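This report concerns only the one structure given below.
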Amino acid sequence: MIHIPEEYFKNNTIYRSFHSDTTNGIFGCGFMNKKSSSNSDINLVLDYYAVLILLSGEGLYIDNENREFNLHAGSLIQRVPGKAHSLHIKPDGQWLEFFICFGREIHASLSNLNLLDSKNDVLYPGINNVIFKILIDFIHSLKKAKQEDLPLLLCEAEKIIFTLYRMHKDKLTISEDKELIDNACLLLNQSPYSQITVQEVCTTLGVGYEKFRKIFKSHIGTSPGNYILQKRINTAQSILLEQNKSIKKIALELGYPDAYSFSKQFKKITGINPTDFRKIYK
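Next up, the structure:
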């Protein structure tokens, strides 16, 4: 969440045009504070492209296939030319959006180059203070721009949209990565005696080893192999202190071929062999 000063909760817009065809040549932006349900749009169809980022408030978007999308601060709505949609606003006075719009032909050109997301009307990039300042600076620039400056500002508008796209994609990646790591940890922690390998985890989760290793280390702070090793040593320490099993039996239960291999690795990690660990701490 960001704090938006009260001075921005008002309508403040600017519309320019690239040429005499004001519909196809439209280029505008601005803040819109919609206070009541009368500001909602039902089956609206625009002749131009508009993208709005919701800075405050809540609502509901319904696309031309009657799919519903909840809206909140940080939601991005794309209003595609010729595509019917409805936008219902929660009438609590908190709705504040910033929009950017330009003509149908510019939208078509960008779409044909696969630069605009034509599949998703609603994205969730989030909002932060940096983006908010960029929006403020942009409307100031468009208001004072000379006609010959408009093409450069169109590039700036596109940059803002592409930045929001990237933020949405980054959030999706983070969410997907977190789910992957959560599931991996469930597999790795399912039993203190589990001898599951990293490759088995990758196979179960349907992810390549190198990709999994990179994501795991980024989130957990250590490699999957080291995580499994530390988990095994922690389990060994608990058994040594709580049970009277022999070193050999503990080694075999934890997947080591013999007591020697277990003791060697235990000492490498803890600095002390299993027998001395038991004597000192039990």
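As numbered in full-length UniProt numbering, residues 1 to 282 make up the sequence shown, in order.
Here a beta-carbon is modelled for each residue, glycine too, at the ideal position from N, C-alpha and C.
Quantities reported herein were computed from a predicted structural model and do not represent experimental measurements.
Taking the CA atoms as reference points, D21 sits about 12 Å from Y48. Under the Cβ criterion (8 Å, minimum of three pairs), the region 59–72 counts as touching the region 109–123. 7 Å or more divides the Cβ of L96 from the Cβ of L142. Secondary structure at V201: helix, using DSSP grouped into helix, strand and coil. A contact is defined here as three or more CB-CB pairs under 8 Å, and the region 140–160 fails this definition with respect to the region 184–203. Here N33 is bridged, per DSSP, to L96. One Cα belongs to I134, the other to F9, and the distance between them is close to 17 Å. If you look at F69, you'll find it in the beta strand (DSSP E) that goes 68–71. In this structure, the CA atom of S40 is about 14 Å from the CA atom of L52. Between the region 203–217 and the region 228–241, the count of C-beta pairs closer than 8 Å stays below three; the two stretches do not touch. Remark: three or more beta-carbon pairs, one from each stretch, lie closer than 8 Å, so the region 30–38 and the region 81–97 are flagged as touching. Taking the Cβ atoms as the reference, S17 lies roughly 4 Å from G25, within the contact range of under 8 Å. The closest CA to that of V198, considering only E253, G225, N183, is found on G225. Spanning the alpha carbons of I77 and D137 requires a straight line of approximately 21 Å.
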